[in-house]
Structures are given as structure tokens and as C-alpha cells.
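Peer 1: One line per chain: the protein sequences are A and B, in this order. This note's numbering puts the first residue of the first sequence at 13, with every later residue one more than the last. This note's numbering puts the first residue of the second sequence at 13, with every later residue one more than the last. We put the beta carbon where it would ideally sit given N, CA and C, even for glycine. Before I ask anything, let me first share the structure, which is written out below as C-alpha cells.
Protein chains: 2
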Amino acid sequence: MPGKATRGRRATMAEIAAAAGVSVPTVSKVVNGRPDVAPATRHTIEELLRTHGYRPPRGRQNSNVGLIDLVFVDLGSPWAMEILAGVEEVAYRAGSAVVVSAVHGRHRTRPDERWLQNLAARRSDGVLLVLSELSPGQQARLEELDVPVVIVDPAGTPAPGIPAVGATNWAGGLAATEHLLGLGHRRVAVIGGPTDVLCSRARVDGYRAAMGAAGVSVPPGYVRFGDFLSPTGYRETMALLDLPEPPTAIFVCADQMALGAYEALYERGMRVPDDMSIVGFDDLDEARWAVPPLTTVRQPLTEMAGMATRMLFSLISGEELDTTRVELATPLVVRASTARHAS
Amino acid sequence: MPGKATRGRRATMAEIAAAAGVSVPTVSKVVNGRPDVAPATRHTIEELLRTHGYRPPRGRQNSNVGLIDLVFVDLGSPWAMEILAGVEEVAYRAGSAVVVSAVHGRHRTRPDERWLQNLAARRSDGVLLVLSELSPGQQARLEELDVPVVIVDPAGTPAPGIPAVGATNWAGGLAATEHLLGLGHRRVAVIGGPTDVLCSRARVDGYRAAMGAAGVSVPPGYVRFGDFLSPTGYRETMALLDLPEPPTAIFVCADQMALGAYEALYERGMRVPDDMSIVGFDDLDEARWAVPPLTTVRQPLTEMAGMATRMLFSLISGEELDTTRVELATPLVVRASTARHAS
């Protein structure tokens with residue numbers, strides 16, 4: 013049932029409510045043992061819950077342990093910290109603790125078997141995956157365990173029924189590139205993240221769309237890829253500077269890579285924005301404090317994490333979600349790293 | 013018993029070993045039900061364990077839940093992420109999960125009552141506090157709960173018996189200032205962190221010691237304080253530039269504050285290091301990728317966190333620690349933000 017996410021395969025409260033001719037909150041009251049329901053209505057609902065095999069979510073059985081899991085592919089970045097801050101704030105208010113773990117081992121985007129075993133052992137109430145994905149087998153195991161999952165910033169296209177919160181990456185890439193084109197730049201290059209990561213592909217596609225719409229061709233070698241971290245931003249900027257016709261502006265698809273680009277330009281004695289305009293993506297604290305302050309596309313990481321956490325708690329409570337796909341807006345923040353092209 | 017940390021108030025394995033005339037590992041084997049102990053020795057030790065009222069740590073009773081708590085005063089910094097990465101790595105190998113929380117509310121350095129209740133409810137095996145401290149009452153409560161605590165980078169002087177892992181902050185401050193003095197600077201200022209945080213006081217004291225040893229006086233207004241974050245580095249650098257005789261070099265006691273200093277200098281049209289030498293403290297990723305790359309004092313945050321975590325697992329296993337105070341070395345990393353004073 014794509015577009016609707018519920019836990020496991022039980023009858024939903026909505027189905028019970030429809031059958032009883034009452035509202036979902038009324039069913040919820042009965043499930044939760046609240047007193048403010050008329051005895052006859054309560055009786056009807058209780059019968060329906062039994063005949064429909066309604067299985068109350070674990071939280072309602074008072075076996076909710078007050079723990080959620082937050083899984084990162086990689087812990088080592090300020091980017092991850094903003095996500096964590098968003099999750100922790102919402103979880104704290106909900107009275108839940110956050111177990112943080114990283115996907116260990118190189119080149120992995122999926123948590124390993126041991127992680128699943130540990131999760132089962134501590135009976136976590138729910139899981140938030142960041143820039144990560146589940147194999148069909150893992151997804152089936154989590155369904156068996158009756159553990160709901162929400163994905164933050166999905167690496168690939170999430171399986172139907174698994175809710176995900178992302179950002180408008182394509183629109184952000186479009187806006188970043190349009191900004192550079194609007195300043196008169198024509199030789200505009202892009203440095204994307206990993207080619208197999210969804211948000212990176214979307215940003216680069218946004219760049220291509222803006223270039224195409226402006227009737228500006230993309231020269232060979234102008235579309236490059238890194239891994240979101242500074243060293244690859246440095247490496248790919250160096251490669252761009254070594255082209256026969258280097259760009260005059262670069263859209264670098266992550267602030268940390270943009271700092272690597274700054275470093276490469278500094279080493280070559282080039283000034284930002286006089287000799288090269290740079291736009292980043294993320295709007296981490298570092299963007300604000302870079303020299304010069306970085307023009308960038310703001311990705312609302314803390315808000316994305318907070319929204320994903322609220323969705324997870326809804327699922328833990330056995331509620332249905334209105335939507336399983338959310339993308340938050342990515343406004344362009346213009347600072348001092350972009351300037352009009354000196355023609 | 014300062015200098016020795018054990019859990020609760022039970023007889024220690026060392027006391028049992030001394031009474032039995034055997035080694036601590038032999039007692040440990042008996043406690044853990046391992047087979048390789050001679051029957052007579054085992055009998056003697058078991059008797060002593062009974063008569064001395066030895067209470068095996070929870071881990072030995074198989075009620076270890078495989079969770080430790082990591083508590084930050086503030087989650088919003090790359091600094092915290094390096095600590096988390098160090099803790100998570102060690103905990104993962106030990107088969108334990110890490111619950112991460114922040115001390116909520118402003119101007120607090122102590123976890124609140126609700127946090128203690130949650131900790132008790134989930135029966136966490138141990139607690140790591142970062143830049144935080146416990147009230148005597150909280151410490152007593154954790155002792156009652158039989159939950160061991162280790163402090164990473166203590167904010168104040170930790171209570172006797174509570175182990176702590178820090179860095180050689182004083183020596184780091186000394187080395188940073190000696191580096192600037194060695195480059196011919198005499199008008200050297202310092203921007204410290206909060207005045208009530210131990211590591212900040214130690215760095216500023218190291219600065220004072222280096223200035224004193226070189227026979228260089230500290231002009232009025234040259235010792236300033238921020239909160240470790242960029243905005244206060246910006247603010248205090250502006251204040252230094254507005255002095256009748258501004259410094260030619262600043263030791264900024266945190267990399268994030270140093271980025272704020274860069275920004276202030278950029279706004280005033282001053283170049284680093286030509287017009288001002290800057291030394292930071294921490295050696296975060298941002299220091300390496302700053303423009304120009306920041307000379308800084310490396311604080312081994314990940315290693316500090318890893319060591320504290322290993323100490324915590326030792327306490328959880330009922331072992332005694334050899335020492336309860338560890339300070340890891342803080343080498344100076346010379347990059348491009350410092351230059352010889354143009355006299």
C-alpha cells in the first residue's frame with residue numbers, strides 16, 4: 013500500500029473506525045483505555061478490534077522501552093551533528109532516548125547483521141536511518157520485529173511504505189546554478205557527491221536543468237563527482253583548474269567540499285569571488301564562518317531530522333502518516349563567495 | 013579513596029585477592045565462573061567473596077543491558093561529533109549501544125532530574141559526561157543505582173573517585189604562545205573560552221606562563237573570553253582590533269572561535285598571517301580546511317573519548333582503574349596562519 017505507512021500487517025485504527033462508524037480518535041481512546049467513551053461504543057469497538065485481529069502497537073502494551081535508534085553511514089561530520097541535534101531535541105520532548113550508531117566497515121550504506129541483532133535485543137521502539145538504506149531482507153526483519161523505520165535524506169529511492177524526509181535537492185541545484193548564470197557566468201562547473209546517492213544526483217540534475225534552460229552548454233569535464241568531504245572538493249577543483257578552459261564559477265554540492273575548493277584556489281593564488289565564484293550546499297556553520305562567507309543552498313538538516321523523528325513517534329503510537337514522502341525547501345543564501353563575472 | 017575508582021561500596025577484587033594470597037585475575041576467574049582455577053583455590057576465594065560481602069558488578073549478573081549514556085552540554089558542534097565518533101567506535105566493538113543526550117535548558121552544565129529518572133528506567137550500564145559535571149546529590153544517586161561515571165574533558169575539578177580524561181590544556185596554551193613569541197611577536201593576545209570551564213582556564217594560564225617566561229608583559233585588554241563558538245571569536249577579535257595598541261598575534265583557544273577571528277579580520281580588510289598571526293586550539297577538520305589553513309593545538313578528542321569509554325567499560329566489568337586522571341598530549345600543528353612578526 014504505497015503512500016500509507018503503518019506498522020506490521022495488522023488492521024489499522026482507520027479500518028476499525030470505519031467499521032464502527034466512529035472517528036479514529038474514538039478508537040484510539042478505547043485502545044488506550046481512556047475513560048471518555050460511551051459504554052456501548054466502547055463495546056462495539058472492542059468487538060471489532062478482536063474480530064479484525066487488531067494488534068495494538070507495542071507502545072500501547074506498555075512495553076515501549078523509550079529508545080529510538082539513529083543510524084548514520086558516517087559519524088565524522090558537522091552535517092551529522094545537525095541531524096543528531098534535531099532528533100535529540102524531539103526525542104527528549106517525547107521522553108525517549110536516542111541510541112546513535114554508525115554503519116561500520118568501508119563502502120557500506122547498509123547496517124550489518126550484528127546491528128539488527130542488537131536492535132532486536134534492546135527492543136528499540138523505532139529506527140531513523142540517515143543517508144542509508146535497507147535491503148529487502150532487513151526490511152522484512154524489521155517488520156517481523158514490529159519496528160517502524162523512517163529515512164532521513166534517503167541514499168536511494170526508499171522502498172514503498174517506508175517514509176522518508178529529504179530536501180528539495182533538485183530545486184536547490186537549480187537555484188544555485190541560476191544564481192551563477194544570473195551573475196553573468198557561462199563557464200559554470202559542478203562538483204557533485206557520490207554518483208549513487210540520490211540527493212547528489214538530484215543536485216547535479218538541477219544544475220543541468222538550469223544550464224539547459226539558459227541555453228548554456230556544459231563543456232566536457234565540467235561535471236565532476238566527489239564524496240561530500242573536503243579532500244574531494246580540493247581534488248576536483250584542482251582538476252577543473254587544469255582544464256584547457258577552466259570555469260569561472262563552480263557549484264559545489266556540499267559545504268565541506270566547498271571548503272576544499274577554497275583551499276585549492278588559495279594554493280593556486282586565486283581569490284574568491286574575484287577569480288572564481290563558489291556556491292555550496294548545506295549551509296553548515298562553517299559556511300557562515302568561511303573566508304569569504306560562502307554563498308550556499310540551505311538544507312534544513314535539523315528541521316528534516318525533527319520532522320522524521322515526529323513521523324517515527326507517530327508510527328510508534330500506531331498512527332497512520334498522511335504522507336510518506338516529505339521534501340523540505342532549500343533556499344539560496346547569498347553571501348560573499350559569488351560575484352558578477354568580469355567579462 | 014581518591015585515586016581509585018570502584019563501583020558502589022563493595023569489597024574490591026583486589027581486597028579479596030590480597031586476603032586469599034592470589035592475583036586479581038585469579039579472583040576475576042572465580043567471579044566469572046571460568047574453569048581454569050584449582051579447586052582448593054576456588055573454594056578459598058568463594059568463601060572470601062561471601063564473608064567479605066563481595067557484590068558482583070551488574071555485568072557479571074548478566075543483567076548488563078548493553079547501553080551506555082553519553083551526555084553533552086551542547087550537541088551543536090563538530091567538536092562534539094569527534095567525541096561521539098570515538099565513543100561509538102569503542103562501544104560498538106564492546107557490543108554496547110550509545111544513548112546520546114544533551115543537557116537541555118540554557119546555562120546548564122548539569123543533567124536534570126528527568127535525565128536521572130530516564131537513566132534509571134533504562135538501566136544504563138554507565139555514563140560518560142562531556143564538559144559537564146554532577147552535583148553531589150546526582151553523584152550519590154548514580155552510586156545508589158550502581159552506575160559508573162567517567163568524565164571527558166571535565167568542566168570543573170571532578171569529584172574524587174570520579175575518573176576523568178582530559179588533554180594537556182596548560183601545556184597546549186604554553187606551546188601556542190611560545191610559537192608566537194618565537195616568531196618575534198610581542199603584542200600577543202589571548203581569547204579564552206568560558207572563565208568557569210577548567211580546560212579554558214588552563215589554556216589561558218599556559219599563555220600567561222609563556223608570556224611571563226619570555227619576560228613579555230600582558231597589556232591591559234589582551235586577555236579576553238568567549239564561549240568556544242565562532243560569534244564570540246568574532247566579537248572579541250573586533251574588541252582587540254579596537255584597542256589603542258592592537259595585538260599582532262592572537263592565541264584563540266578554540267578552532268571555532270578562530271574562524272570567527274578570521275571573519276573579523278576579513279571584514280577589517282586584514283590578511284592572515286600577513287597582518288595578524290592566529291593560533292587555534294582543537295585541530296578540527298575545519299582548521300585544516302580554513303583559508304589560510306590554521307596553525308592550531310591538536311586536542312585528540314576522538315582518542316580522549318575512546319580512552320574514557322574503555323575506562324567506563326572497565327568499571328562496568330567491576331575492574332579497578334590504575335588511575336582516575338588522564339591527560340592526553342596536545343601537539344602544536346603549524347600551518348599557514350602564523351608568520352614572523354614584521355618589525
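1. Could you name the residues that DSSP lists as bridge partners for residue 261 (chain A)?
2. Put residue 328 (chain B) into one of helix, strand or coil per three-state DSSP.
3. How far does the beta strand (DSSP E) with residue 113 (chain A) in it extend, from its first residue to its last?
4. Would the beta-carbon of residue 82 (chain B) fall within 9 Å of that of residue 34 (chain B)?
5. Between residue 295 (chain A) and the rest of its own chain, which residues show a CB-CB distance below 6 Å, the 5 nearest in sequence each way excluded?
6. Note down, in chain order, every chain B residue with its Cβ under 8 Å from the Cβ of residue 123 (chain A).
7. Have a look at residue 212 (chain B) and residue 39 (chain B) and give me their C-alpha separation to the nearest angstrom.
8. By the 10 Å Cβ neighbour count, where 16 or more other Cβ atoms means buried, how is residue 304 (chain B) classified, buried or exposed?
9. Since residue 189 (chain B) and residue 218 (chain B) should fall inside the 8 Å C-beta cutoff, what is the C-beta to C-beta distance between them, to a whole number of angstroms?
10. Indicate the three-state DSSP secondary structure (helix, strand or coil) for residue 34 (chain A) in the structure shown.
11. Can you check whether the C-beta of residue 303 (chain A) is within less than 9 Å of a C-beta belonging to chain B?
12. Does DSSP put residue 57 (chain A) in a helix, in a strand, or in coil?
13. Relative to the C-alpha of residue 123 (chain B), which residue among B:293, B:179, B:151 is closest?
14. Is there a C-beta anywhere in chain B that falls below 9 Å from the one on residue 322 (chain A)?
15. Start and end of the beta strand (DSSP E) containing residue 339 (chain A)?
16. Please give me, in chain order, every unbroken run of the beta strand (DSSP E) with length at least 3 that falls completely inside the segment 83 to 171 of chain A.
17. Quick one: is residue 287 (chain A) near chain B, going by C-beta distance under 9 Å?
18. Is there a Cβ of chain B sitting closer than 9 Å to that of residue 319 (chain A), yes or no?
19. According to the neighbour-count rule (16 or more other Cβ atoms, all chains shown, within 10 Å of its Cβ), is residue 236 (chain A) buried or exposed?
20. With DSSP as the reference, please indicate the residues paired to residue 178 (chain A) in a beta bridge.
21. Under a CB-based cut-off of 9 Å, is residue 300 (chain A) close to chain B?
22. Could one say the Cβ of residue 43 (chain A) lies closer than 9 Å to chain B's Cβ atoms, at least one of them?
23. Report, in whole angstroms, the separation of the C-beta atoms of residue 272 (chain A) and residue 314 (chain A), which I expect to be a contact under 8 Å.
24. By Cβ distance, which residues of its chain are closer than 8 Å to residue 262 (chain B), with the 5 residues on each side in sequence left out?
25. Below 9 Å between beta carbons: does that hold for residue 215 (chain A) and residue 194 (chain A)?
26. Is the beta carbon of residue 256 (chain B) closer than 9 Å to that of residue 197 (chain B)?
27. Any beta-carbon of chain B closer than 9 Å to the one on residue 134 (chain A)?
28. What is the DSSP secondary structure of residue 43 (chain A), counted as helix, strand or coil?
29. Quick one: does residue 114 (chain B) have its CB under 9 Å from some CB of chain A?
30. Taking residue 240 (chain A) as the reference, give the member of A:49, A:84, A:91, A:64 with the closest Cα.
31. Measure the beta-carbon distance from residue 336 (chain A) to residue 176 (chain A) and round it to whole angstroms, keeping in mind my assumption that it falls under 8 Å.
32. Is there a Cβ from chain A that is less than 9 Å from the Cβ of residue 297 (chain B)?
33. So, are the CB atoms of residue 343 (chain A) and residue 221 (chain A) less than 9 Å apart?
34. Which residues in chain A sit within 7 Å of residue 90 (chain B), going by Cβ to Cβ distance?
35. When you check each C-beta in the segment 254 to 278 of chain B against every C-beta of chain A, which residues fall closer than 9 Å?
36. Please report the Cβ distance between residue 26 (chain A) and residue 36 (chain A), rounded to the nearest whole angstrom; I am assuming they are in contact, meaning their Cβ atoms lie under 8 Å.
Peer 2: Once the coordinates are examined:
1. Translated into positions along the first sequence, residue 261 (chain A) becomes position 249. Under DSSP, residue 261 (chain A) forms a beta bridge with A:200, A:289.
2. As a position in the second sequence, residue 328 (chain B) is number 316, starting the count at 1. Note: residue 328 (chain B) maps to helix in three-state DSSP.
3. Taking the first sequence and counting its residues from 1, one reaches residue 113 (chain A) at position 101. 109 to 114 is the span of the beta strand (DSSP E), which, as asked, contains residue 113 (chain A).
4. Counting from one through the second sequence, the residue named residue 82 (chain B) turns up at place 70. Counting from one through the second sequence, the residue named residue 34 (chain B) turns up at place 22. Not a contact, by the Cβ cut-off of 9 Å.
5. As a first step, residue 295 (chain A) must be located in the first sequence, where it is residue number 283. 308, 310, 345, listed in sequence order.
6. As a first step, residue 123 (chain A) is located in the first sequence; it is residue number 111 there, counting from the start. Going along chain B, no residue has its Cβ under 8 Å from residue 123 (chain A), so there is no contact; the nearest lies around 11 Å.
7. Taking the first residue of the second sequence as 1, we reach residue 212 (chain B) at position 200. Taking the first residue of the second sequence as 1, we reach residue 39 (chain B) at position 27. Residue 212 (chain B) and residue 39 (chain B) have their C-alpha atoms roughly 43 Å apart.
8. As a first step, residue 304 (chain B) must be located in the second sequence, where it is residue number 292. By the 10 Å Cβ count, residue 304 (chain B) comes out buried.
9. Reading the second sequence from its first residue, position 177 is the one you call residue 189 (chain B). Reading the second sequence from its first residue, position 206 is the one you call residue 218 (chain B). Contact annotation, residue 189 (chain B) with residue 218 (chain B): C-beta distance approximately 7 Å; criterion of less than 8 Å satisfied.
10. Reading the first sequence from its first residue, position 22 is the one you call residue 34 (chain A). The answer is coil: DSSP assigns residue 34 (chain A) none of H, G, I, E or B.
11. For this step, residue 303 (chain A) is matched to residue 291 along the first sequence. Output row for residue 303 (chain A): interface = yes.
12. The sequence position of residue 57 (chain A) within the first sequence is 45, counting from 1. Note: residue 57 (chain A) maps to helix in three-state DSSP.
13. Position 111 of the second sequence, counting from 1, holds the residue named residue 123 (chain B). Ranking B:293, B:179, B:151 by Cα distance to residue 123 (chain B) puts B:151 first.
14. Sequence index remark: in the first sequence, residue 322 (chain A) carries index 310 (1-based). It does not: the Cβ of residue 322 (chain A) has no partner Cβ on chain B nearer than 9 Å.
15. Here the question's residue 339 (chain A) lines up with position 327 in the first sequence. First-last of the beta strand (DSSP E) with residue 339 (chain A): 337 to 340.
16. Complete beta strand (DSSP E) runs here, min 3: 109 to 114, 138 to 142, 161 to 164.
17. As a working note, residue 287 (chain A) is residue 275 in the first sequence. So no, residue 287 (chain A) is outside the interface.
18. Counted from its first residue, the first sequence places residue 319 (chain A) at position 307. Under the 9 Å criterion on CB atoms, residue 319 (chain A) is classed as non-interfacial with respect to chain B.
19. The residue labelled residue 236 (chain A) in the question sits at position 224 within the first sequence. It is buried - the Cβ of residue 236 (chain A) has at least 16 other Cβ atoms within 10 Å.
20. Counted from its first residue, the first sequence places residue 178 (chain A) at position 166. Under DSSP, residue 178 (chain A) takes part in a beta bridge, and its partners are A:339.
21. Sequence index remark: in the first sequence, residue 300 (chain A) carries index 288 (1-based). True, the Cβ-Cβ gap to chain B drops below 9 Å.
22. Reading the first sequence from its first residue, position 31 is the one you call residue 43 (chain A). By the rule that beta-carbons nearer than 9 Å mark a contact, residue 43 (chain A) does not touch chain B.
23. Reading the first sequence from its first residue, position 260 is the one you call residue 272 (chain A). Reading the first sequence from its first residue, position 302 is the one you call residue 314 (chain A). Actually they do not touch by this definition, with Cβ atoms about 24 Å apart.
24. Translated into positions along the second sequence, residue 262 (chain B) becomes position 250. Hits under 8 Å: 200, 201, 202, 203, 249, 252, 273, 288, 289, 290, 291.
25. Sequence index remark: in the first sequence, residue 215 (chain A) carries index 203 (1-based). Sequence index remark: in the first sequence, residue 194 (chain A) carries index 182 (1-based). Taking 9 Å as the Cβ cut-off, residue 215 (chain A) and residue 194 (chain A) do not qualify as a contacting pair.
26. The residue you call residue 197 (chain B) lines up with position 185 of the second sequence. The residue you call residue 256 (chain B) lines up with position 244 of the second sequence. No, the Cβ-Cβ distance between residue 197 (chain B) and residue 256 (chain B) is not below 9 Å.
27. Translated into the one-based positions of the first sequence, residue 134 (chain A) becomes position 122. The beta-carbon of residue 134 (chain A) is placed less than 9 Å from the nearest beta-carbon of chain B.
28. For the purposes of this step, residue 43 (chain A) is identified with residue 31 of the first sequence, where counting begins at 1. Note: residue 43 (chain A) maps to helix in three-state DSSP.
29. If you number the second sequence from 1, residue 114 (chain B) lands on position 102. For residue 114 (chain B), the answer is yes, since a Cβ of chain A falls inside 9 Å of its Cβ.
30. Walking along the first sequence from the start, residue 240 (chain A) turns up at place 228. Ranked by Cα distance from residue 240 (chain A), the options A:49, A:84, A:91, A:64 are led by A:91.
31. Here residue 336 (chain A) refers to the residue found at position 324 when the first sequence is read from its first residue. Here residue 176 (chain A) refers to the residue found at position 164 when the first sequence is read from its first residue. Taking a contact as a CB-CB distance under 8 Å, the pair residue 336 (chain A) and residue 176 (chain A) counts as one, their CB atoms being some 7 Å apart.
32. Numbered from 1 along the second sequence, position 285 holds the residue referred to as residue 297 (chain B). Judged by the 9 Å Cβ criterion, residue 297 (chain B) is in contact with chain A.
33. Within the first sequence, the letter at position 331 stands for residue 343 (chain A). Within the first sequence, the letter at position 209 stands for residue 221 (chain A). No, Cβ-Cβ distance for residue 343 (chain A) and residue 221 (chain A) is not below 9 Å.
34. Looking up residue 90 (chain B) in the second sequence gives position 78. What residue 90 (chain B) touches in chain A, judged by beta-carbon distance under 7 Å, is 90, 93, going in chain order.
35. Those would be 268, 271, 272, 274, 275, 277, 278, in chain order.
36. Residue mapping note: residue 26 (chain A) aligns to position 14 of the first sequence, counting from 1. Residue mapping note: residue 36 (chain A) aligns to position 24 of the first sequence, counting from 1. In this structure, residue 26 (chain A) and residue 36 (chain A) form a Cβ contact; the two beta carbons are roughly 6 Å apart against a cut-off of 8 Å.
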